[in-house]
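Below is one structure, written out as structure tokens; the observations come after it.
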Amino acid sequence: MTLPDHSAPVTEKESRAPAIHQRQIRVTAPRRVALVERDLTGPPPPGEVRVRVREVGVCGSDLKMWSGEHAVLKPPLVLGHEAWGTVEEHAVAPDATDAAPLVPGTPVVIVPPAGCGTCHNCARGREQLCARMRFVGGQIDGAMARFLTVPPRHLLRIDPRVPEELRVLIEPLTVAVHAVSRARVAAGDQVLVIGAGPIGVFCSLVLAAQGVGHVVVTDRDPQRLDLAHRLGVPHHVRTTAAQPLLAAGDHIRSEGADVVFDCVGAQATTTQALTATCRGGRTVLVGISPAELTVGGVALQRGERELIGVQMYQREDFTHAMGLLAEGLVPAIDGLKRSRPLDRAGELLDELARRPGPVLKETLLPD
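The UniProt record's numbering applies: residue 1 is where the sequence shown begins, and numbers increase by one.
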């Protein structure tokens, strides 16, 4: 009797690891998207980490890139920077800010910007200001995909205290954390926030968490204002196109607010923000601004007003944002977010371009 020879060598084809199926949403031209599917074979390139995307949010800057209206980032590109996931392939190097390696299964948040590492701003930890900065979801393929492959410097371990259902909010909350730090708001200041979208609401909540007692948020959409109120923003005012800030006068002194945040990013709202800022106050531009803005030189100079730009965030702002989420800054209420499958990304972008959604944050689920 002859037994089968189990010691025979396995062929190269048999030993090869199974391919990973990638699904990715690519903006091919303004307002046009395509679902690209292909197999990923082999490990990620040297020096990079493959992440399985768990959830990715859609924000106003995504809409501007999708429509071709962003001042810098234009199609073709793969969107998606508000995302978290789990490490799929073992990291080849430790996280730059963490001695422990990012082993498979580690929950991570995407840190979109990375600078050259050698310029003046990179040396100060301000990579978002690097002239050669590259951005995940812009110059680098983003997280509107099943898998994202990036160098480990684009990843940060998630504080395990942050609930899974809130992890997609880490990146947009980080924008608000950085904006508030740039504004230098004092506890006794009166603050006006223009725009009750995610960033405007998060700015209001961060201000309240820092002890600022007088914060007013304005918007034209009553649904957004109601949601802001249910999330804990006490003062909210509906505005109109004809008299955008008149109603806010019931809550802000006649001389204007000490600090005004423009969380929309348009010529009209920047003009309104500067008009609503008191002499000696600060106007903070948080929303993605158009390529060119016209501002009142007399109002700036003779009123000693400051015009402050906000470009994303620094790495340490992520840690602060995760701490706030872990401490319950954002309650998990009805209307906080809504999710749909990745292959409906084009439909979602088209809907949001016509009208803001009924929830604070719209997200996509790759799996």
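Quick reminder that beta carbons are idealized off the backbone N, C-alpha and C, glycines included.
Following the continuous alpha helix (DSSP H) through residue i, name the residue where it begins and the one where it ends.
i: residue 323; result: 315-326
i: residue 169; result: No alpha helix (DSSP H) holds residue 169; DSSP gives it neither H nor E.
i: residue 62; result: 60-67
i: residue 346; result: 345-354
i: residue 272; result: 267-275
i: residue 204; result: 198-209
i: residue 226; result: 222-230
i: residue 385; result: Shown here, the chain extends from 1 to 367; a query on residue 385 therefore has no answer.
i: residue 77; result: It is not in any alpha helix (DSSP H) - residue 77 carries neither H nor E in the DSSP assignment.
i: residue 301; result: 297-302
Taking only the alpha-carbon atoms, compute the straight-line gap between residue i and residue j and give it to the nearest angstrom.
i: residue 253; j: residue 124; result: 38 angstroms
i: residue 319; j: residue 113; result: 16 angstroms
i: residue 238; j: residue 359; result: 17 angstroms
i: residue 332; j: residue 216; result: 22 angstroms
i: residue 374; j: residue 274; result: Because the chain is modelled from 1 through 367, residue 374 falls outside the range shown and cannot be assessed.
i: residue 54; j: residue 137; result: 16 angstroms
i: residue 107; j: residue 158; result: 6 angstroms
i: residue 347; j: residue 74; result: 19 angstroms
i: residue 52; j: residue 295; result: 44 angstroms
i: residue 95; j: residue 103; result: Unreliable positioning characterises residue 95 in this predicted model, as indicated by a pLDDT of 46, which lies under 50. The coordinate reading is nonetheless provided below. Taking the straight line from one Cα to the other gives about 10 angstroms.
i: residue 236; j: residue 63; result: 25 angstroms
i: residue 182; j: residue 189; result: 15 angstroms
i: residue 203; j: residue 330; result: 12 angstroms
i: residue 7; j: residue 101; result: Any reading at residue 7 needs caution, since the residue's pLDDT is 41, under 50, leaving its predicted position unreliable; the model's value is listed next. If you take the alpha carbons of residue 7 and residue 101, they lie about 36 angstroms apart.
For residue i versus residue j, is the C-beta distance shorter than 7 angstroms?
i: residue 212; j: residue 187; result: yes
i: residue 78; j: residue 141; result: yes
i: residue 36; j: residue 50; result: no
i: residue 312; j: residue 24; result: no
i: residue 279; j: residue 297; result: no
i: residue 174; j: residue 367; result: no
i: residue 245; j: residue 210; result: no
i: residue 43; j: residue 89; result: yes
i: residue 339; j: residue 365; result: yes
i: residue 207; j: residue 233; result: no
i: residue 277; j: residue 315; result: no
i: residue 111; j: residue 156; result: yes
i: residue 47; j: residue 151; result: yes
i: residue 283; j: residue 248; result: no
i: residue 345; j: residue 144; result: yes
i: residue 161; j: residue 34; result: no
i: residue 146; j: residue 22; result: yes
i: residue 351; j: residue 58; result: no
On the criterion of 16 or more Cβ atoms from any shown chain inside 10 Å, does residue i qualify as buried, or is it exposed?
i: residue 71; result: exposed
i: residue 171; result: buried
i: residue 116; result: exposed
i: residue 60; result: buried
i: residue 270; result: buried
i: residue 98; result: With a pLDDT of only 48 at residue 98, under the threshold of 50, the placement of this residue in the model should not be trusted, and no figure is reported.
i: residue 368; result: A question about residue 368 goes unanswered here, because the residues of the chain that appear run from 1 up to 367.
i: residue 321; result: buried
i: residue 214; result: buried
i: residue 149; result: buried
i: residue 153; result: buried
Tell me which residue opens and which closes the beta strand (DSSP E) that residue i is part of.
i: residue 22; result: 20-29
i: residue 235; result: 235-238
i: residue 102; result: Premise fails: residue 102 is in no beta strand (DSSP E) and is neither H nor E.
For residue i, is the beta carbon positioned less than 6 angstroms from some heavy atom of the ligand MG?
i: residue 281; result: The ligand MG is absent from the structure shown, which contains no ligand whatsoever.
### Task
Please confirm if the stretch 226-239 is in contact with the stretch 158-171, defined as three or more CB-CB distances below 8 angstroms between the two stretches.
no
### Task
Report yes or no: do the stretch 285-293 and the stretch 254-267 share at least 3 C-beta pairs separated by less than 8 angstroms?
The stretch 285-293 makes contact with the stretch 254-267; the number of CB pairs closer than 8 angstroms reaches 3 or more.
### Query
Any chance the stretch 83-92 sits against the stretch 28-38, with 3 or more Cβ pairs inside 8 angstroms?
Too few Cβ pairs lie closer than 8 angstroms, so no.
### Task
Could you tell me whether the stretch 187-197 touches the stretch 219-226, using the rule of 3 or more Cβ pairs below 8 angstroms?
yes
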